[in-house]
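These protein sequences, in sequence, are chains A and B.
Just so you know, we're using my numbering here: the first sequence kicks off at 386 and counts up by one.
Just so you know, we're using my numbering here: the second sequence kicks off at 177 and counts up by one.
No residue lacks a Cβ here, since even glycine has one placed at the ideal position from N, Cα and C.
The model shown is predicted, which means the values in this text are computed figures rather than measured ones.
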Amino acid sequence: MAEERRQKQCSVVLPTESMKAMAESVGVGQLQEESCVALSEEVSYRIKEIAQDALKFMHHGKRRKLTTSDIDNALKLKNVEPLYGFQSQEFIPFRFASGGGRELHFYEEKEVDLSDIINTPLPRVPLDVSLKAHWLSIEGVQPSIPENPPPAPKEQQKAESTEPLKVVKPGQEEEGTIQGKSQGATAPDGKGKEKGLIRLKPRSTHELSVEQQLYYKEITEACVGSCEAKRAEALQSIATDPGLYQMLPRFSTFISEGVRVNVVQNNLALLIYLMRMVKALMDNPTLYLEKYLHELIPAVVTCIVSKQLCLRPDVDNHWALRDFAARLMAQSCKTFSTTTNNIQSHFITRLMFLQSWLDDKTQWTTRYGCIAGLAELGPDVIKTLILPRLAVEGARIKAVMEGPVVSNIDKIGADHVQSLLLKHCASVIAKIRPQPDNVEQYRTDYGYLGPMLCSHVMKARTQAALQAQQVNRTTLTITQPRPTLSVSQSGLSGSTGPRTPSIIKVPSSLALMSPRPGTPSQPSPPATKYIVMATSAGAASTQQVITLSSSQSASPVTSTVPSATSTLQPLVKLESGSGPGLTASRPLQKYIVVSLPSSASSSLETKSSVLPTSISSTPLDTGMKLDRSESPGASTQSPH
Amino acid sequence: MAAVQSGMGEGVEEKDIKTEPASDGFGNNNANDGRLVSTSPGSNAPAASNKPVAGGPPEDQQTLLAVLQFLRKNKLTESVEILRREAGLPEDDLDPNGADSSGAGTGGAAGSVDSDAGDASSLLTRVTVSSSAAAQAPTKGTIQSDCCQVYDGASGGPVPGNSAAGEDQPDVSVVLSAYSQQGDPALYEVYYSSLKRFIETVLDCHRAELSQVFYPLFVHMYLELVYNNHENEAKAFFEKFSGDQECYYEDDLRVLSSLTKKEHMRGNETLLDFRTSKFVLRISRDSYQLLKRHLQERQNNQIWNIIQEHLYIDIFDGMPRSKSQIDAMSGSLAGEAKREANKAKVYYGLLKEPEIELPLDDEDEEAENEEGKPKKKKPKKDSMGSKSKKQDPNAPSQSRIPLPELKDSDKLDKIMYMKEATKRIRLGPDNLPSICFYSFLNAYQGLTAVDFTDDSSLIAGGFADSTVRVWSVTPKKLRKVKSAADLNLIDKESDDVLERIMDEKTASESKILYGHSGPVYGISFSPDRNYLLSSSEDGTVRLWSLQTFTCLVGYKGHNYPVWDTHFSPHGYYFVSGGHDRVARLWATDHYQPLRMFSGHLADITCTRFHPNSNYLATGSSDRTIRLWDVLNGNCVRIFTGHKGPIHALAFSPNGKFLASGATDGRVLLWDIGHGLMVGELKGHTDTIYSLRFSRDGEILASGSMDNTVRLWDAMKAFDDLETDDFTAATGHIHLQDNSQELLLGTYLTKSTPVIHLHFTRRNLLLAAGAYNP
């Protein structure tokens, strides 16, 4: 490995074409090949020399990053005139282009109109250097304060749970070394008695400090309390705070116990709150959740398949909770499933068991949960597990829909199951079945649901085609199967509505966020900001392109997202997963997420002052332009 | 301009100069001699470059003609015109003489195999020098050395004065000419691999020792190939064998790998280091005999010559060393230190503290109660007792180095120090220090150096934007002294005159000192808190007054960036070291250095005074640490073992030990008296920028680029030493790998590299760094 690298070092020289290009740029037309070779060797050598000197300056500047000033200083050292105009501290805007088998790195030099520079207002003066003191350690123990890093990074939490014998916590380092010492010391100097402890698992301290206890109390109260603003803050805190790991066992017990109690009491609202807590915990990048899955997963599964989740199953929208929990489950399958714990296959087995063996007597609610749980696991699962059962399920639905009226509840249940099946299966069928879509063919293949599936599949195909047209923008499109967005949008929960993007708009009594546009549901972390615009494009004909500045007040949804997706790209478009292939009339959802660079990194940008609440005005300042396609349908839908 | 002159002059005079910046010339001499020397030849040198203008003696005219000839050849007619007009030469002079002189130039090049290109380039530099000399321009050493070289090359023989200079000066071409011996380039690989085969087949106990030969041999063989213009063979040779070398030589190998042409060998510092200093190997007699016999049997003269010429083999009697023993000591640019180098006696003991009667203080108790911190009260006798002890046999005599008299304020400070010392916490593995971290916010990657005053009342930061900023970390604000006019008005007899001279209007928490013209890389407070030193990329060291917050002196001497500076613990003296590889000792009231310490083969990256002010340590990019005697300027210790440039040094408070940290992330501990490595602390993953012993020497704290502060059990590290085992004859060391046992704590910052550490007088650890969002 090292050898390879060294050999490479030896041979790297600038290409002769570069020499030619440079010669041309200074007006030397015909440069002979030999001179090019000689030049390139010489130039490469000199550049390497300068780079080595520049590294020296970097080391003495106590930095990890080589800056342009290091190069300047190195040139000065060699008594060469430094380069002027390369003053960028952070980021050198080299661009890359390739084509015709050639790769090119270049520095884009824009022509700047002097009057523009003069007329633009001066950037804000960077903050002056200041000094701040904090305790890094108090008598050997690092206090948990915001200035210090979280007490245990994820790797360490993992190491702790998997290899408890090796663990040495930062605060308890003395303990570990004392043990080590007694191992190494030849003379037992009173520490001999600790020898017995050496192989013992260090007792894990879950004692919480007073502050932590207060915090825990506040957070849990806010999470299940009645004030939505407080809850949003609490969830935000759970999702982002790096120092929660000491409290994790308590949170997990809180959730599992809470679900247990509230399922019995059919308290839908509390169940939703608890699921949102699970979501927030899963979103926290610093937590090592694996240790507590045995408590969390049963709670989540309960919320998917429980027979009854609310007091009035005919009115309350417990379907959304099931959807949400199913999505949570799918997410945890994706993140935590390994070959050893095999969460996904366990989960599938459980659901299949429910679905197939309890079939005749199963409640529609449980059936809905099973199907939703399976469907969220992705097209492969749908293809292998749901599609073969479509005919059976169809027959069952038919029995309820067209047979004698048993009860209203069953009818609603069957209706939900039907739309769920249609929604999920259509997209999969659209992919695996060749065109054309023949209604009769569908009927024979899928039974009762066949004709409806057929129309949904056709719709899905047109959507996909439409999608393909739109994609040829320079934005990055990624499919987003899980609800990372918490969008305040009500009125979508009608019986024909497709999958709703998030749990929040379940029953109207639970519509926690005001549907008013521009209100962020959760304050985003100050470092990165996202602006999400959900727009619905039904027919392609009525697309409009509006800059955000003119339309921000009318934008149906503007909201912030917790930084669950680590999107560093400047412009990211998220689509709700079932994009193509919707059977319902609801057009597809499109999110445009704009991540603004954190202001701390660039001294030029002045966006740091923008509070999360005033996000809608940020693009105004930066003059950013967002394409927004909107259908008339969407605007009529947003008011309710 | 003055710098150029003296630089050249010294270069001409001095014998053992290392071609690089000529002003490095006088090595370990007393600088007073050096200064004397520098004045007289200093006047010669500029004359040499200026005389052509006056149309002076024939030899200069000849060089000028050579230049003109060259210019004409290259169709630079305008320059020819200008130069000729300047020199007042008639046009017809040019042709015949010019031809002659240029011919003489090439012929006279002492021993060098200068090609035309080389000649031309040297002529070119000559032109730049002479024209820029008129234009008052460059003070940089590259030009200087090139300029000296021109004298040899172009006017070697015919000029008596200059030829002397040429012989004296081990000029680049002369240095390189050692490589001119020719062998069949194709055979180099054969030689090398046969030696490799031989070493691989010898007995295990000898193999590790003999393997040391590989690296220097490899380098010199490669350089020979390059020097003799066998570019392709050299490349092949490099590719074939560079992978075999120890990983810690990677940096040097990278430099070598880019060096593929003879022309590149000029001015390449690494190369010159190799050539001018013999690579030192320490090999047992048995192993050496084995090698010698093998080479003689095989008639492998090529390798034997290299060993004879470029290697210094330090043969010892006894058991061959093991691989780990060798690895511990190797890694420096020029091999291990010779054993003799570390034989000199070092008076590492502390000086006797001056007698100051400690006033009995009642408020002592109160202050302690106010603090409210549980502290083990150290019996006062301790600090008093150590004073009254008789002179340490290892301590230098009190007057070995003249130290400044104690002022009244110093005595007050000493009393304060003793008071504080009585409240000092006894640290140990069970009693770790608290760490207070000072983060510099909004520094935009620009913080380059930090220092605290000894009493921890002030903190200073050096920045890449050339500023030095001083903060008060106590409630006491920083105030300037009033202006002279206002000072006249105050009542000089009043008791609080010291208060009255301060200008309340200027009170602020921080002050900015402007004056440098480049990033400030080193910073150091004087022990009495009246002065601050800063060293910068602009080649100067500046002394600032912390009374007036103005610059008092700019010490010029280093022509290149000055990487570090440090005040002596007794004040008055300070040391600076930088890119020019020379450490200089200064006194604050002299604008020229008192001593110059030369010997390092690469940049001096950090400097540190011994607690007794009689010695100072310098760490360098050549991966060695040297200890210098302030009295006579001798290098008394060379410590090798680091595998990267050294960035941090710390003496233990008792003066017996030295700790050093480098880019390789290791802390090495050294016994100064025996001149041996006594410990290795592994744990850091990035460059160590700061090291500090606690006030009583129990704990060593290290701060690094990897955003951690680590605490090590220094007592244990030093106590475990079996000093009898120091068989100084062989200098073998047996290091046990006990880093994990010695590590007492690791404290991670959020995103702040730790670039400075300081123990307060009560053993609270202060750390500082710039937050790096």
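task: Could you check the C-alpha separation between Asp641 of chain B and Trp762 of chain B for me, to the nearest Å?
output: Answer to the nearest angstrom: the Cα atoms are 26 Å apart.
query: Among B:Val738, B:Asn790 and B:His786, which has the Cα closest to the Cα of Leu825 of chain B?
result: B:His786
message: Pro821 of chain B and Thr781 of chain B - do their beta-carbons sit closer together than 8 Å?
response: yes
- prompt: Where Pro683 of chain A and Ala625 of chain B are concerned, what is the direct C-alpha to C-alpha distance, given to the nearest angstrom?
  reply: 56 Å
- request: Tell me where the alpha helix (DSSP H) around Leu761 of chain B begins and ends.
  value: Not the alpha helix (DSSP H): Leu761 of chain B falls in the beta strand (DSSP E), residues Val758 to Ala763.
- prompt: Of all the options A:Glu675, A:Ser622, A:Gly610 and A:Tyr677, which has the alpha carbon lying nearest to the alpha carbon of Ile657 of chain A?
  reply: A:Gly610
query: Which residues, in chain order, does the stretch 432-448 of chain A contribute to contact with chain B at a C-beta distance below 8 Å?
result: Result list: Lys433, Glu434, Gln437, Lys441, Phe442, His444, His445, Gly446, Lys447 and Arg448.
query: Roughly how many whole angstroms lie between the Cα atoms of Asp765 of chain A and Arg616 of chain A?
result: 36 Å
query: With a cut-off of 8 Å, does the C-beta of His440 of chain B fall near any C-beta of chain D?
result: No chain D is part of this structure, whose protein chains are labelled A and B.
- prompt: Which residues of chain A have a Cβ atom closer than 7 Å to the Cβ of Glu713 of chain B, listed in chain order?
  reply: Asn458
query: Where DSSP assigns a beta bridge to Leu857 of chain B, which residues make up the other side?
result: B:Val843
query: Does Asp574 of chain A have its Cβ less than 8 Å from a Cβ in chain B?
result: Per-residue confidence for Asp574 of chain A stands at a pLDDT of 39, beneath the threshold of 50, marking its modelled position as unreliable; the derived number appears in the next sentence. Residue-level contact check: Asp574 of chain A does not touch chain B, since none of the beta carbons of chain B fall below 8 Å from its beta carbon.
message: When you compare the stretch 395-410 of chain B with the stretch 507-526 of chain B, are there three or more beta-carbon pairs, one atom per stretch, that lie closer than 8 Å?
response: no
query: At a Cβ cut of 7 Å, what residues of the stretch 637-648 of chain B count as close to chain A, listed as they run along the chain?
result: Ala640, Arg645 and Trp647
query: What does a CB cutoff of less than 7 Å around Ala130 of chain B pick up in its chain, not counting 5 residues either side in sequence?
result: Residue coverage of chain B in this structure runs from 177 to 949, which leaves residue 130 of chain B outside it and unanswerable.
message: Taking its Cβ as the centre, do 16 or more other Cβ atoms sit within 10 Å of Ile482 of chain B, making it buried, or is it exposed?
response: buried
- prompt: Using a Cβ-Cβ distance under 8 Å, would Ile635 of chain B count as near chain A?
  reply: yes
query: Roughly how many angstroms lie between the CA atoms of Lys819 of chain B and Tyr425 of chain B, to the nearest whole one?
result: 8 Å
task: Give a yes or no on whether 8 Å exceeds the smallest Cβ distance from Ser610 of chain B to chain A.
output: Yes, contact with chain A.
message: Rounded to whole angstroms, what is the Cα-Cα separation between Tyr650 of chain A and Leu666 of chain A?
response: Just to set this straight, residue 650 of chain A is Gln in the shown sequence, not Tyr. Roughly 24 Å between the two C-alpha positions.
According to DSSP, residues forming a beta bridge with Ser700 of chain B: B:Leu709
- prompt: Can you tell which of B:Thr922, B:Trp888 and B:Arg871 has its C-alpha closest to the C-alpha of Thr598 of chain B?
  reply: B:Arg871
query: Looking at C-alpha atoms only, which residue of A:Met443, A:Lys816 and A:Phe732 is the closest neighbour of Ala850 of chain A?
result: Among A:Met443, A:Lys816 and A:Phe732, the Cα nearest to that of Ala850 of chain A belongs to A:Lys816.
task: Pick out whichever of B:Phe455, B:Val366, B:Leu467 and B:Arg373 has its Cα sitting closest to the Cα of Asp798 of chain B.
output: B:Phe455
- prompt: How should Tyr677 of chain A be labelled, buried or exposed, when 16 other C-beta atoms within 10 angstroms of its C-beta is the threshold for buried?
  reply: buried
field: Beta-carbon proximity list for Thr724 of chain B, same chain, < 8 Å, skipping 5 on both sides
entry: Lys656 and Val657
message: Which residue wins for smallest C-alpha separation from Arg497 of chain B, given the options B:Tyr391, B:Ser387 and B:Gly855?
response: Closest option to Arg497 of chain B, Cα to Cα, is B:Ser387.
message: When you compare the CB of Gly525 of chain A with every CB in chain B, is at least one pair closer than 8 Å?
response: yes
- prompt: Would His1095 of chain A count as contacting chain B if we go by Cβ distances under 8 Å?
  reply: Summary: the structure shown does not reach residue 1095 of chain A, with chain A confined to residues 386 through 1025, and so no result is reported for it.
- request: Answer yes or no: does any C-beta atom of chain A fall closer than 8 Å to that of Val885 of chain B?
  value: yes
message: When you compare the CB positions of Leu807 of chain B and Ile577 of chain B, do they come within less than 8 Å of one another, or not?
response: Contact: yes.
task: Determine the chain A residues that contact Gly966 of chain B at a beta-carbon separation under 7 Å, and present them in chain order.
output: The question about residue 966 of chain B has no answer here: the residues shown for chain B are numbered 177 through 949.
message: I'd like to know whether the C-beta atoms of Met713 of chain B and Tyr690 of chain B end up nearer to each other than 8 Å.
response: First, the residue type needs correcting, since residue 713 of chain B is Glu and not Met in the sequence shown. No, the pair does not count as a contact, with Cβ atoms beyond the cut-off.
task: Compute the distance between the beta-carbons of Ala943 of chain B and Leu876 of chain B, then report whether it is under 8 Å.
output: no
query: Assuming Phe374 of chain B contacts Phe394 of chain B under a Cβ cut-off of 8 Å, what Cβ separation, rounded to an integer in Å, is found between them?
result: Phe374 of chain B to Phe394 of chain B, Cβ: 15 Å. No contact.
query: What did DSSP end up calling Lys517 of chain A once you bin it into helix, strand or coil?
result: Three-state result, Lys517 of chain A: strand.
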